[in-house]
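Working notes, structure below.
Numbering (the working numbering), first residue to last: 94 to 251.
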């Protein structure tokens, strides 16, 4: 899978959050991202943000507030992109602004969540072998483009 360099406009995502690090995620007993997505589904977060008469909202995972690099702590938000009309999130949900900018996009199709896990492995391998463009470690996101498709979008400089 070869990543593509793409430019995105800013958008807002509302949902539920946790703070974690990759060290925790490697230990199933401490992992927080899987349980976060399970809670997202169980609480019907996407349905709570569904606006009457509009298509279902786009599901997005946002990685933000990086303490350092890919080994430091970061926040993960499991949520949906809000409509440009400025829909207010339901009580108890948080918002994250995904900034406009350049992103290196890794797309994969396959059974979820394994396709997401495999895609992040490809991200780490890519940046281990190709240090340019530099990651921003500001905001990255996963856009779920179908029931078995994900695009992991990594903010890069430039």
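Ideal Cβ positions, reconstructed from N, Cα and C, are used throughout, including at glycine.
Cβ neighbour criterion (16 or more within 10 Å) applied to residue i
i: residue 171; result: buried
i: residue 233; result: buried
i: residue 217; result: exposed
i: residue 193; result: exposed
Given residue i as reference, the closest of the options once Cα atoms are compared
i: residue 98; options: 235, 238 and 199; result: 199
i: residue 164; options: 106, 101, 114 and 235; result: 114
i: residue 224; options: 211, 240, 205 and 197; result: 197
i: residue 184; options: 127, 109 and 230; result: 109
Coil, strand or helix - residue i by DSSP
i: residue 102; result: coil
i: residue 233; result: strand
i: residue 215; result: helix
Whether residue i touches residue j by CB criterion (8 Å)
i: residue 227; j: residue 250; result: yes
i: residue 149; j: residue 135; result: no
i: residue 188; j: residue 111; result: no
Self-check item: Ranges of the beta strand (DSSP E) found wholly within the segment 144-202, counting only runs of at least 3
Solution: 152-157, 167-174, 187-191 and 194-202
Quiz item: Mind pulling the alpha helix (DSSP H) runs of 4 or more residues that sit fully within the segment 105-140?
Solution: 115-118 and 126-135
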